[in-house]
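Novice:
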Amino acid sequence: MSGTGNNAGGPGKPAGGGQRGRGKGGPRDTSRRNAQGRERNRGPQRNYTESAPSQRTRRADPARLVAFEVLRAVAQEDAYANLVLPARIRNHRLDKRDAGFATELSYGALRGQGTYDAILSRCVDRPLDRLDPAVLDALRIGAHQLLAMRVPAHAALDQTVGLARAVIGAGPSALINAVLRKVSARSLEEWLELLIAGETDQTRIASLRHAHPEWIVRAMRQALVAHGRPATEIDDLLSADNAAPVVNLVALPGLGSLDEALDDGATPGELVEGSALSSGGDLGRLSSVRAGTTRVQDVGSQLVARALAAVEAPAGEPGNHEAWLDLCAGPGGKAALLGALARERGATLLANEPAPHRAKLVSQALAAVPGDTWQVRTGDGRDVGTENPGRFDRVLVDVPCSGLGALRRRPESRWRRSPKDLADLGPLQRELLASALAAVKPGGVVGYVTCSPHPAETIAVVEDAVKKRDDLELLDAGAALDAVSLPGHLGAGHGLTAQLWPHIHGTDAMFLALIRKKA
216 MSGTGNNAGG PGKPAGGGQR GRGKGGPRDT SRRNAQGRER NRGPQRNYTE
266 SAPSQRTRRA DPARLVAFEV LRAVAQEDAY ANLVLPARIR NHRLDKRDAG
316 FATELSYGAL RGQGTYDAIL SRCVDRPLDR LDPAVLDALR IGAHQLLAMR
366 VPAHAALDQT VGLARAVIGA GPSALINAVL RKVSARSLEE WLELLIAGET
416 DQTRIASLRH AHPEWIVRAM RQALVAHGRP ATEIDDLLSA DNAAPVVNLV
466 ALPGLGSLDE ALDDGATPGE LVEGSALSSG GDLGRLSSVR AGTTRVQDVG
516 SQLVARALAA VEAPAGEPGN HEAWLDLCAG PGGKAALLGA LARERGATLL
566 ANEPAPHRAK LVSQALAAVP GDTWQVRTGD GRDVGTENPG RFDRVLVDVP
616 CSGLGALRRR PESRWRRSPK DLADLGPLQR ELLASALAAV KPGGVVGYVT
666 CSPHPAETIA VVEDAVKKRD DLELLDAGAA LDAVSLPGHL GAGHGLTAQL
716 WPHIHGTDAM FLALIRKKA
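Quick note: the sequence shown uses this note's numbering, first residue 216, plus one each step.
Listed below in structure tokens is the structure:
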């Protein structure tokens, strides 16, 4: 829950008494006599300039306003912060520095929501669910600045109150000022020590310290063990979820180049060829990004797509590089990379997506790949196997999942998800994998992928599919990832499946299983 920021607001004005003896628009009355002509005897004249309510900031600093609008969209419209934020930054015409400040403030307030709410509940005289939601979002923004950003306390207070005055009203701003003053009385570590004082439940302690719901802490601990890692890594994993992720770029093989991005300050990726780590800023200004030949894509997604494409046919059998399928293609990032890889190997790609608006996004993502290489189908992926039995040499099935592996990139999702989601998604994941297995040719390979390490979405789904049939075999997914990684050894394999981790590999927590249908 740490971050950096700038003092975008300038000097602040502490709350206090009002400036007196000054008519609206008129000269200041310096006399110390009251209306009856008696001299006031209150000791030395106090200087109210710094504390006068009329002098406090009454405008919304644009960077903080962007963060507030993002939090409101997430709460009111069930929006995704990573989709809303860029549009808000452009709308308010933030420069690079303020855009970075708004990004950290938005993501940080969303990531830390559970912990900040626990702190705020100690500072508010009523249950938080009785506060106006807009007021609560303003308090979260203020709390993040005070506790986890390098923003002076006076600036955090002044600018957050000014934001509230501008967009919520003068009445709530007084409450926000009073509450945030209480928050500022302690550091984050002091607040955490207060919250966990006397607490013996390690899950509860980790939940407060790392701002994750308790059920996710338990799920992540279980996932570590299931994939062959010690449960003692839980704090490192949760901390990695709270770290601001580096933007990863990929140049589409045979089509794109990273030269422009590298000239702009990006650095070569350390895990996979054709990748780079962005220095930040508005990537849309790069012509290669606008053309779609260079794309923003987590390196974990790059690795699993490349691993599936690079699987070799068994000795003595012809290579399988004719027809490829991306069964759950939206919004199109992996489809674009697969399309470029398919083109290099003389194959074609069918990208399937059930939602029409997401299918349009897939077409846009694939636009940089020559059109004779790919086709987009809009329809239920569960039908593809019966409609196209044994047609495809490679099938990627990146199933809808809880997204627990991408919490660092989707900061709001940890507070939206519940254990019920796992139960609801399980049948769909199994049906989509069954469709993929029906669609693959004998000798072909299915790549089962999730952006979640939870065993209910990963190992359990794969084992259920393989144990029911004697014509399927698991390939060594860890070795396949090693073969396409630059260091040559990621160490992501456990058994025959593979799991990437943010605290180990610096990627999203992508799971990969490679299933071959026997010829």
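All C-beta atoms, glycine included, are put in the ideal place defined by N, C-alpha and C.
Is it buried or exposed for LYS732, if we count other Cβ within 10 angstroms and need 16 for buried?
Specialist: Against the sequence shown, residue 732 aligns to sequence position 517. Buried.
Novice: ASP541 and ALA550: beta carbons closer than 7 angstroms?
Specialist: Along the sequence shown, one-based indexing puts residue 541 at 326. Along the sequence shown, one-based indexing puts residue 550 at 335. Result yes, Cβ atoms of ASP541 and ALA550 sit closer than 7 angstroms.
Novice: Buried or exposed for VAL504, please, with buried defined as at least 16 other CB atoms from any protein chain shown within 10 angstroms of its CB.
Specialist: Locating residue 504 in the sequence shown gives position 289, where the first residue counts as 1. Result: buried.
Novice: Just to confirm my understanding: we take ALA737, look at its own chain, exclude 5 residues before and 5 after, and list those with CB closer than 8 angstroms. What are they?
Specialist: Outside the shown range of the chain (216 to 734) lies residue 737, about which nothing can therefore be said.
Novice: Starting from the Cα of ALA654, find the closest Cα among GLU568, ALA421, ARG597 and give me that residue.
Specialist: One-based indexing of the sequence shown puts residue 654 at position 439. Ranking the options by Cα distance to ALA654, first place goes to ARG597.
Novice: In three-state terms, what does DSSP make of ASN463?
Specialist: Mapped onto the sequence shown, residue 463 falls at position 248. Note: ASN463 maps to strand in three-state DSSP.
Novice: Does DSSP classify SER503 as helix, strand or coil?
Specialist: Reading the sequence shown from its first residue, position 288 is the one you call residue 503. Residue state, collapsed to three classes: helix.
Novice: Are ALA724 and PRO634 close, meaning C-beta to C-beta below 7 angstroms?
Specialist: In the sequence shown, residue 724 corresponds to position 509, counting from 1. In the sequence shown, residue 634 corresponds to position 419, counting from 1. No.
Novice: In chain order, what residues of the same chain lie with their CB nearer than 6 angstroms to the CB of TRP406, ignoring the 5 residues before and after it?
Specialist: Sequence index remark: in the sequence shown, residue 406 carries index 191 (1-based). Closer than 6 angstroms at Cβ, skipping near neighbours: ILE334.
Novice: So what does DSSP say about SER266, is it helix, strand or coil?
Specialist: Sequence index remark: in the sequence shown, residue 266 carries index 51 (1-based). Residue placement at SER266 cannot be trusted, given a pLDDT of 41 that sits under 50; the coordinates are not used to answer.
Novice: In chain order, what residues of the same chain lie with their CB nearer than 6 angstroms to the CB of LEU798, ignoring the 5 residues before and after it?
Specialist: For residue 798 there is no data in the structure shown, the boundaries of the chain being 216 and 734.
Novice: Check the DSSP bridge columns for SER402 and list the partner residues they point to.
Specialist: Numbered from its first residue, the sequence shown carries residue 402 at position 187. In DSSP, SER402 forms no bridge with anything.
Novice: To the nearest angstrom, how far is it from the Cα of ALA671 to the Cα of GLN644?
Specialist: Stepping through the sequence shown from its first residue, residue 671 is reached at position 456. Stepping through the sequence shown from its first residue, residue 644 is reached at position 429. The alpha-carbon atoms of ALA671 and GLN644 are separated by roughly 10 angstroms.
Novice: Look at the alpha carbon of ILE356 and the alpha carbon of LEU320, and state the distance between them as a whole number of angstroms.
Specialist: The residue you call residue 356 lines up with position 141 of the sequence shown. The residue you call residue 320 lines up with position 105 of the sequence shown. Answer to the nearest angstrom: the Cα atoms are 7 angstroms apart.
Novice: Could you name the residues that DSSP lists as bridge partners for GLY721?
Specialist: Here the question's residue 721 lines up with position 506 in the sequence shown. Answer by DSSP bridge pairing: none, since GLY721 is not bridged.
Novice: Check VAL526 in the structure and name its three-state DSSP category.
Specialist: In the sequence shown, the residue the question calls residue 526 occupies position 311. Coil.
Novice: Check GLU678 in the structure and name its three-state DSSP category.
Specialist: Position 463 of the sequence shown, counting from 1, holds the residue named residue 678. Reduced to three states, the DSSP call for GLU678 is helix.
Novice: May I ask you to report which of helix, strand or coil DSSP gives SER321?
Specialist: Translated into positions along the sequence shown, residue 321 becomes position 106. Reduced to three states, the DSSP call for SER321 is helix.
Novice: Could you check what DSSP says for GLY656 in three-state terms: helix, strand or coil?
Specialist: The count along the sequence shown starts at 1 and reaches residue 656 at position 441. Residue identity check: residue 656 is Lys in the sequence provided, not Gly. Looking at LYS656 - three-state DSSP - the assignment turns out to be strand.
Novice: In the DSSP assignment, find the alpha helix (DSSP H) that holds LYS575 and state where it starts and stops.
Specialist: Within the sequence shown, the letter at position 360 stands for residue 575. It spans 571-581 - the alpha helix (DSSP H) in which LYS575 sits, taken as one unbroken run.
Novice: Within 10 angstroms of the Cβ of GLN714, are there 16 or more other Cβ atoms? Answer buried if so, exposed if not.
Specialist: The residue you call residue 714 lines up with position 499 of the sequence shown. Buried, since its Cβ has 16 or more Cβ neighbours within 10 Å.
Novice: Is it buried or exposed for HIS427, if we count other Cβ within 10 angstroms and need 16 for buried?
Specialist: On the sequence shown, residue 427 is found 212 positions in, with the first residue counted as 1. Buried, since its Cβ has 16 or more Cβ neighbours within 10 Å.
Novice: Buried or exposed: ALA481, going by 16 or more other Cβ atoms within 10 Å of its Cβ?
Specialist: Locating residue 481 in the sequence shown gives position 266, where the first residue counts as 1. Classification for ALA481: buried.
Novice: How is ARG592 classed by DSSP in three states: helix, strand or coil?
Specialist: Here the question's residue 592 lines up with position 377 in the sequence shown. Here ARG592 sits in strand by DSSP.
Novice: Give every residue of the same chain whose Cβ lies closer than 7 angstroms to the Cβ of GLY721, excluding the five residues on either side of it in the sequence, and list them in chain order.
Specialist: Here residue 721 refers to the residue found at position 506 when the sequence shown is read from its first residue. The answer is none, since no qualifying residue turns up.
Novice: Inspect the CB distances between the stretch 678-690 and the stretch 500-516 and report whether three or more fall short of 8 angstroms.
Specialist: The stretch 678-690 vs the stretch 500-516: no contact.
Novice: Using the Cβ count rule (16 or more neighbours within 10 Å means buried), how would you classify ASP478?
Specialist: The residue you call residue 478 lines up with position 263 of the sequence shown. Exposed is the call here.
Novice: For the candidate residues ARG558, HIS572, ALA538, ARG560, whose alpha-carbon lies nearest to that of PRO747?
Specialist: Any answer about residue 747 is impossible in this case: the structure gives the chain only from 216 up to 734.
Novice: Suppose the cutoff is 7 angstroms on Cβ atoms and the five residues either side in sequence are ignored; what does the same chain contact list for ARG558 look like?
Specialist: Locating residue 558 in the sequence shown gives position 343, counting from the first residue. GLY469, VAL584, PRO585, THR588.
Novice: Quick check: the stretch 302-311 against the stretch 400-418, are at least 3 beta-carbon pairs closer than 8 angstroms?
Specialist: Counting Cβ pairs under 8 angstroms, fewer than three are found: no touch.
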